[in-house]
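Participant:
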């Protein structure tokens, strides 16, 4: 991995000019995005190691068929496991960086991200002793087989049964129907030897709902499926070519009693069932996974922007002034409008993501995980609600944004050489997995509804939702009379909050009216869920704005409650003046873009008027022109090596056309022409047409 | 292709109930969508023939690698050519249906859609005599090689040169730079023997800009590239696996003088250049292609909706009333909100598309093409501007909509078995080709700017833009006080027009202010293009609404000017009462959805207020609940056969899970396990991990 230096590195003139004209301290911004310089250094160290290893090469990735990709992924998976051990990588953060460097979904990863953690959190001490070491040593390899062909999000709908037989002290695990076949789990198809299988526990004739069971799927001798196990791949997907998402049909498979994970619920040898004390404890992991996704998807958007912005600066097309020569596409206002609000959003989301990651870093003085593990569950409702909305917003903005970047690259964006199609298909499932976005927004909405209808005063509410209090000082109008005044971040935050308060109010009134019409609570809720989704979104937007505005990794919702001395504990390093100015502009751009996009919501209660929106539009357009000047350094600061971008359009040196051409030369479809220049299809088909007499 | 009958056909209960409860006359709606019953019958006849032909089978499409797909496409291409001849298919409409039935981009199609038509419209009589017959008989096969590696939309930027040498009466065609390599043309890589090559004509030392030349690329003996020709495939793309989009580098290739297409511009043997009289004549084809794309993309959206709606009715997930059992996903308001406004939009866009197609059908009494060919060019500015915006809106809504449908299918939407990933990647290029959407919106905007600033009265303006006239009777407020009143289509149209008038006004004022600040016209234009894009979009939305509201294939913009007796000539057949009611609801749903989505624009001048928007929201939600009841029949009416849907989720019979399972069994990744159940990756890689001692 080359560390680039503007002075020493060859690059096209278009990029050199942009970089040389900038006053920004890019390294400082990179550290700002990473969290701090220690994290930047650690990330670079891990990237360096992985990217210099030929086993992890990805140059030909876009040429691979799905089957070749699976072979590649299996090879890389085994190599990764070896290297992780060699490098002694164990922390969550290091693993996150390593995964980012490998940049491929691997068939073994569920062993690490789901199988082992589930046993850790749900297994008894004996179970941990029995299973964890073999799994960590990869003498067994586990999947997590929850989703069924006919059942996903709604866990209580799962059909797979685990029926206890006291006479043999065994569970009989069974797929009673077609819809109960396990479907989708990663690594299940051809890789895993074991799986944690959620199934309905039935003992002594009673159904106790979903519990977790460890089932061996394949022989450890020769990997053949065991009797009663019908397992395979679910077939090609949009992306994830290297992953064997699988199916699993269980035909009365018997497992010993101690293969049920029994840390909380237990079945005694005689079949007696004892209940778990609480199920809240599992929320912690879920929240952590969702918060991780904020950063994960924000990084994907950042990658797309590196490609989109650099290419838009290199690409020249059309004239603005007739006869003055073709201009860089980035100089068109419409192109700025496509890319730069996304750039601001990527900064906002990654600030938010880092703030959340910090909460879960072991040993961090922000560690919420620690609080939860110590039994402090007071935070969970808020944290759960907020992380749900943030995951959904982040996935939605990032995935839509990748496609906007791709199309902003015109025709070449459609080529796999751009790197963008591959990026899109591999990140877009984040809209659906770990909680489908709409389902998550509605989780956030339930929390908002509860707070709003509770009639509590500000003093009783967390900072981030204080505006839902009955005594929140509302203003009839924002009172802004100039573009300049609208740049004030306090005023922007207030506008976002007023809008959130109002949209929660709209949803709440609709809900109350529906109840008044005699609907049951669930019916009334369902008939107002579109409004509630809006409420959850605008609440989440205001949370992101708040974090971004403060330009520190402030997670104030939580911090004001938990960590009283938070502001003393972490004093965000101040940025140098030029960096500070551009960060404020990005923050304002984020605010103005989303304000103009949803102007109707800001006008709902007259707090803003069409006049104010016209000011917002003016500010937005002047910010586009200003941020455009620093667009290249701002994407450089994301610090994504060329090897990871893997894009002819997004290269640091901007040598786009040479690399589009060279890449095409290596395409499989051109290989057959090396000697004669004639592809098989001529001999097989076209010859009949073109030379019909032969 | 089976013609389905609700009574005779096995289907899941969920779908049967929906269909049996409906009072709609589906066949009538199908005819409404097709244009009329004659067109429906003809489409079915052609579909029947193609779908019953095993050569056109597509069952295994989603398993194919790109290289297999190319082989398949070449095979189908040759078979298609044979069948078109056998069936004597020649009309544009028949070809459109045939292409729809084959449903695959074929490497030969550019010969038919670009090479031959270009020679027809740009060649002299002798040139037509020489080239057309061989091309029609496929003894030669042509591509259209315009786009270059560094140049797309901006044709004046093309670099390829054609330098005339009087001494040998030849042109020397040359790629002088890397960026001038032709890049992207379909069928160019390995299929075509010839190409029309746009190049800068240089004669007697003077550059006359872009002209068209016929260049032979490959030997007709053995298909090898001719000397000076470097040709190949540009490498894998997001979709279009079966198409050999190619590159072409020309190294001083000599062609005879008469290979320049000389219908308009000529080069005499001595090198003297004579100018074409007008270039407007070529606009007709461009407009026709764009209007065709409205229907093309609307049909793609319709397909996605057939899949999304049927699956949402079959799929059950979660409970609304606790304990009342899992509900159909379609019963969630949020799911209705995702799919049904798109359904309304698909109806609106396909009405618009059919209206436009009718204009170009040879022999139709609406034939605009005839008018243009007879030299009546008065229509062109309006038609050009409107078709540009319509193509862009239609592509944008449809492609975004396909992804919304895909994600509305949850996890299973990500499987290729859903049919949606394939649909998306093959239609999304419509956002970019035939005029990138933003470029097209700005063409529409230039027309609007011209009209708006011309200060003309209503009597001088076409109906669809009458509201831009100085004397258009504006109202301060829509004056609506009930949901019921807001259902009035006249009032809805007026709201759409007021919004369009206002947003054109916003853009125009911004432009004038920019001029006032001393910017040149081009700079002022560029600095207001985001506003102009909005103006073009809202104008186009109002055109679509107008056509949809009238529920006849009325293209009033044009018709009021051209065809005075239009309303007598085509009296749209009235719909039966139940159909009429649902069509009005769809129209209203289209209006309310887009009104709520862009409520800020409707409020810009106070014509609507937050109160009115709250009424619109109420109407929108009640329409969702009403249209939901007819959602299945409304997608059935799109009349898309199962073979074309090629989707386990979208099947007419709703037997989703059986077919997801059966499809997966045929996946290449499962083939290797037929005997042992163990995939190669175990032996190659995982064995080392799992059994390290061996």
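Chains as they are written, first to last, in UniProt numbering: chain U, 1 to 694; chain E, 1 to 694. We put the CB at the ideal spot given by N, CA and C, even for glycine. None of these values were measured; they are calculated from a predicted model.
(1) In chain order, what are the residue ranges of uninterrupted beta strand (DSSP E) at least 3 long that sit wholly in the UniProt domain "Acyl-CoA oxidase/dehydrogenase middle" (143-253) of chain U?
(2) Whole-angstrom Cβ separation of residue 155/E and residue 248/E, contact assumed at under 8 Å?
(3) Looking at chain U, is there any beta carbon in it that lies within less than 7 Å of the beta carbon of residue 91/E?
(4) Output yes if chain E places a C-beta closer than 7 Å to the C-beta of residue 150/U; else output no.
(5) Could you check which residue in 48/U, 113/U, 85/U has the C-alpha nearest to that of residue 434/U?
(6) Check for me: the alpha helix (DSSP H) holding residue 7/E runs from which residue to which?
(7) By DSSP's criteria, residue 273/U is part of a beta bridge. Which residues make up the other side?
(8) For residue 470/U, decide whether its Cβ has a neighbour in chain E, counting only Cβ atoms nearer than 7 Å.
(9) Per DSSP, what kind of secondary structure is residue 542/U in: helix, strand or coil?
(10) Taking buried to mean at least 16 other C-beta atoms within 10 Å of its own C-beta, is residue 663/U buried or exposed?
(11) Identify, in the order they occur along the chain, each residue of the same chain with its Cβ nearer than 6 Å to the Cβ of residue 471/E, setting aside the five sequence neighbours on each side.
(12) For the region 376-416 of chain U, which segments carrying the alpha helix (DSSP H) assignment without a break, of at least 4 residues, lie completely within its bounds, in sequence order?
(13) For chain U, find out if any of its Cβ atoms is closer than 7 Å to the Cβ of residue 452/E; answer yes or no.
(14) Enumerate in chain order the residues of its own chain whose CB-to-CB distance from residue 180/E is below 6 Å, with the five nearest sequence positions on each side excluded.
(15) Which residues in chain E sit within 9 Å of residue 207/U, going by Cβ to Cβ distance?
(16) Pop quiz: residue 333/E and residue 153/U are said to be a contact at Cβ under 8 Å. What is the actual Cβ separation, rounded to whole angstroms?
(17) Distance cutoff 7 Å, beta carbons only. Does residue 526/U sit that close to anything in chain E?
(18) So which residues of chain U does residue 184/E contact, with C-beta pairs closer than 7 Å?
(19) Report yes or no: is there a C-beta of chain U within less than 7 Å of the C-beta of residue 610/E?
(20) So that I know if they touch, is there some Cβ in chain E lying closer than 7 Å to that of residue 707/U?
(21) Which same chain residues, not among the five before or five after residue 43/E, have their C-beta less than 7 Å away from its C-beta?
(22) Who are the neighbours of residue 668/E on chain U, taking C-beta pairs under 7 Å?
(23) Between residue 590/E and residue 296/U, what straight-line distance do the alpha-carbon atoms span, to the nearest angstrom?
(24) Which term fits residue 38/U, buried or exposed, when burial requires 16 or more other beta carbons within 10 angstroms of its beta carbon?
(25) Quick check: is any heavy atom of the ligand HEM less than 6 Å from the C-beta of residue 646/U?
(26) Would residue 635/E pass as a contact of residue 306/E if the rule is Cβ separation under 7 Å?
(27) Within the continuous alpha helix (DSSP H) that includes residue 428/E, where are the two ends?
(28) Which chain U residues sit within Cβ distance under 8 Å of residue 81/E?
(29) Just to confirm, are residue 592/E and residue 538/E a CB contact at a threshold of 7 Å?
(30) Excluding the 5 residues flanking residue 20/E on each side, which residues of the same chain have their C-beta closer than 8 Å to its C-beta?
(31) Would residue 563/E count as contacting chain U if we go by Cβ distances under 7 Å?
(32) Compute the distance between the beta-carbons of residue 238/E and residue 421/U, then report whether it is under 7 Å.
(33) Under a CB-based cut-off of 7 Å, is residue 128/U close to chain B?
(34) What distance in whole Å lies between the Cβ atoms of residue 142/E and residue 115/E, which are believed to be in contact at a cut-off of 8 Å?
(35) Which class does residue 140/E belong to by DSSP, given the choice of helix, strand or coil?
(36) Which complete alpha helix (DSSP H) runs does the UniProt domain "Acyl-coenzyme A oxidase N-terminal" (25-140) of chain E hold, if anything under 4 residues is left out?
Facilitator: Let's see:
(1) 161-165, 170-174, 194-203, 206-216, 229-233, 246-250
(2) If you number the second chain from 1, residue 155/E lands on position 155. If you number the second chain from 1, residue 248/E lands on position 248. The Cβ separation is near 17 Å, so there is no contact.
(3) Translated into positions along the second chain, residue 91/E becomes position 91. Chain U, which has no Cβ nearer than 7 Å to the Cβ of residue 91/E, makes this no.
(4) Stepping through the first chain from its first residue, residue 150/U is reached at position 150. Chain E, which has a Cβ nearer than 7 Å to the Cβ of residue 150/U, makes this yes.
(5) In the first chain, residue 434/U corresponds to position 434, counting from 1. Residue 113/U is the option with its Cα nearest to residue 434/U.
(6) Here residue 7/E corresponds to residue number 7 of the second chain, with the count starting at 1. Careful: residue 7/E lies outside any alpha helix (DSSP H) and carries neither H nor E.
(7) Translated into positions along the first chain, residue 273/U becomes position 273. 267/U, per the DSSP bridge assignment.
(8) As a first step, residue 470/U is located in the first chain; it is residue number 470 there, counting from the start. No - not a single Cβ of chain E is within 7 Å of the one on residue 470/U.
(9) Translated into positions along the first chain, residue 542/U becomes position 542. Here residue 542/U sits in helix by DSSP.
(10) Residue 663/U sits at position 663 when you count from the first residue of the first chain. The residue is buried, with at least 16 neighbouring Cβ atoms inside 10 Å.
(11) Along the second chain, one-based indexing puts residue 471/E at 471. Contacts found: 457, 458.
(12) 380-408
(13) What you label residue 452/E is simply residue 452 of the second chain in a count that begins at 1. Chain U contact via Cβ: absent.
(14) Numbered from its first residue, the second chain carries residue 180/E at position 180. The residues are 148, 159, 160.
(15) By one-based count along the first chain, residue 207/U stands at place 207. The contacting residues do not exist; residue 207/U stays about 14 Å from chain E at best.
(16) Within the second chain, the letter at position 333 stands for residue 333/E. Within the first chain, the letter at position 153 stands for residue 153/U. Not quite, the Cβ-Cβ distance comes to about 16 Å (not below 8 Å), so this is no contact.
(17) In the first chain, the residue the question calls residue 526/U occupies position 526. Taking Cβ atoms only, chain E reaches closer than 7 Å to residue 526/U, which makes this a yes.
(18) Along the second chain, one-based indexing puts residue 184/E at 184. Per Cβ cutoff of 7 Å: 411.
(19) Position 610 of the second chain, counting from 1, holds the residue named residue 610/E. Judged by the 7 Å Cβ criterion, residue 610/E is in contact with chain U.
(20) Only positions 1 to 694 of chain U appear in the structure, and residue 707/U is not among them; the question remains open.
(21) As a working mapping, residue 43/E is identified with position 43 in the second chain. Once the five neighbours on either side are set aside, the close Cβ partners of residue 43/E are 34, 97.
(22) The residue labelled residue 668/E in the question sits at position 668 within the second chain. Going along chain U in sequence order, the residues near residue 668/E (Cβ under 7 Å) are 67.
(23) Translated into the one-based positions of the second chain, residue 590/E becomes position 590. Translated into the one-based positions of the first chain, residue 296/U becomes position 296. Approximately 36 Å, taken between the alpha carbons.
(24) In the first chain, counting from the first residue as 1, residue 38/U sits at position 38. With fewer than 16 Cβ atoms within 10 Å of its Cβ, residue 38/U is classed as exposed.
(25) Summarising the ligand content, the structure contains no ligands, and the ligand HEM is consequently not present.
(26) Along the second chain, one-based indexing puts residue 635/E at 635. Along the second chain, one-based indexing puts residue 306/E at 306. For residue 635/E and residue 306/E, yes; Cβs fall inside 7 Å.
(27) Reading the second chain from its first residue, position 428 is the one you call residue 428/E. First-last for residue 428/E: undefined, no H or E at that position.
(28) For the purposes of this step, residue 81/E is identified with residue 81 of the second chain, where counting begins at 1. By Cβ distance, chain U contributes 689.
(29) To locate residue 592/E, count along the second chain from 1; it is residue 592. To locate residue 538/E, count along the second chain from 1; it is residue 538. No, Cβ-Cβ distance for residue 592/E and residue 538/E is not below 7 Å.
(30) Your numbering for residue 20/E matches position 20 in the second chain. Same-chain partners within the cutoff: 6.
(31) Position 563 of the second chain holds residue 563/E. Confidence in residue 563/E is poor, its pLDDT being 32 and thus under 50, which makes the residue's placement too unreliable to answer from.
(32) Sequence index remark: in the second chain, residue 238/E carries index 238 (1-based). Sequence index remark: in the first chain, residue 421/U carries index 421 (1-based). It is a contact, given that the beta carbons lie within the stated cut-off.
(33) No chain B is part of this structure, whose protein chains are labelled U and E.
(34) Within the second chain, the letter at position 115 stands for residue 115/E. Within the second chain, the letter at position 142 stands for residue 142/E. Yes, residue 115/E and residue 142/E are in contact; Cβ-Cβ is about 3 Å, under 8 Å.
(35) Within the second chain, numbered from 1, the residue matching residue 140/E stands at position 140. Looking at residue 140/E - three-state DSSP - the assignment turns out to be coil, as it is neither helix nor strand.
(36) 26-34, 37-51, 66-87, 92-102, 116-122, 125-136
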